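Just so you know, we're using my numbering here: the sequence shown kicks off at 278 and counts up by one.
From the three backbone atoms N, C-alpha and C, an ideal C-beta is built for every residue, glycine too.
As the structure is a prediction and not an experimental result, all values here were calculated from the model.
Here is the structure we will look at, set down as structure tokens.
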Amino acid sequence: EGLEEKYARELEECRSQFPSEPPVLGDEVLVLHFKEGIQMLKDAGGEGVEDFGDLNTAQEVELGRLVKEKHGVDFFVLHQYPSAVRPFYTMPNVEDGRYSNSYDMFLRGQEICSGAQRVHDPELLRSTIEGKGLEVETFADYIKSFEHGCEPHAGAGFGLERVVFLYLGLHSVKQTVMFPRDPNRLSP
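Here is the structure:
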């Protein structure tokens, strides 16, 4: 909030080199259930869209386009991803375990943050590990850390370079990184 006013000069300089329009953020954060996002993609004739599958990059970009068209915003949250596509430590939704208490935030159709409530109960943790076809013993120390008690908790990870890249409407995230890395450039 206020970024366009407070940093108008800096944004003008960036946009003089890399033309873009400010993203439309909206007054309220748009939150869509994963099912709603999937239905929007299906209604638009999306290829390979699965009710309980993950979204690929092309599907995310298309969903961003559809959200902009329908709701008029470039920023939205997609929540309650299918449990099957999230890590074992992601808390299943208590009302429907096929979904999880997790979300991704999107800007201009691309993910800028992924987050979730974490499983804090050791028995549920064992169950989710087994449900993913993993060996419980592999995670014995991790599980043991929860046996002394742990409050419900959550975590999220923002990609700040991705936020800048998408906010400014740049062509590549590499334009926001001082020393971008890829298979052909590992140093500096």
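Host alpha helix (DSSP H) of residue i (start-end)
| i | result |
| --- | --- |
| Ser293 | Ala285 to Gln294 |
| Phe442 | Leu437 to Tyr444 |
| Tyr419 | Ala417 to Lys421 |
| Pro369 | Counting along the chain, Pro369 falls outside any alpha helix (DSSP H), and DSSP gives it neither H nor E. |
| Ala335 | Thr334 to His348 |
| Glu324 | First-last for Glu324: undefined, no H or E at that position. |
| Pro399 | Pro399 to Gly408 |
Cβ-based neighbour list, residue i, same chain, cut-off 7 Å, excluding 5 preceding and 5 following
| i | result |
| --- | --- |
| Val301 | Gly349, Val350 and Asp351 |
| Leu384 | Pro300, Asp351, Phe352, Val440, Leu443 and Tyr444 |
| Ile315 | Val326 and Asp328 |
| His397 | Phe423, Cys427, Glu428, Pro429 and His430 |
| Arg342 | Gly386 |
| Ser297 | Leu445 and Gly446 |
| Leu288 | Glu281 |
| Glu407 | Val413 |
Residue i - containing beta strand (DSSP E), residue span
| i | result |
| --- | --- |
| Ser391 | Gln387 to Arg395 |
| Leu309 | Leu307 to His310 |
| Ser379 | Ser379 to Leu384 |
| Leu355 | Phe352 to His356 |
Beta-carbon contacts of residue i that lie in its chain and below 6 Å, excluding the five residues immediately before and after
| i | result |
| --- | --- |
| Lys409 | Phe365 |
| Tyr358 | Phe311, Ser377 and Ser379 |
| Arg484 | Since the first and last residues shown for the chain are 278 and 465, residue 484 lies out of range. |
| Phe456 | Pro465 |
Sequence-distant residues of the same chain with beta carbon closer than 8 Å to residue i, five excluded per side
| i | result |
| --- | --- |
| Glu424 | Pro399 |
| Gly434 | Cys390, Ser391 and Gly392 |
| Arg292 | Leu445 |
| Leu340 | Gly314, Met317, Leu318, Leu332, Leu355, Phe383 and Gly386 |
With 16 other Cβ atoms within 10 Å as the buried cut-off, status of residue i
| i | result |
| --- | --- |
| Glu324 | exposed |
| Asp381 | buried |
| Met317 | buried |
| Gly386 | buried |
| His356 | buried |
| Gln336 | buried |
| Glu412 | exposed |
| Thr367 | buried |
| Ser360 | buried |
| Pro460 | exposed |
| Leu437 | exposed |
Residue i at chain D interface by Cβ criterion, 8 Å
| i | result |
| --- | --- |
| Pro465 | Within the model displayed, chain D is absent; a lone protein chain is all it includes. |
(message) For the structure I just gave you, are there three or more beta carbon pairs, one from the region 320 to 338 and one from the region 280 to 290, closer than 8 Å?
(response) no
(message) Between the region 372 to 390 and the region 410 to 421, can you find at least three pairs of beta-carbon atoms closer than 8 Å?
(response) no
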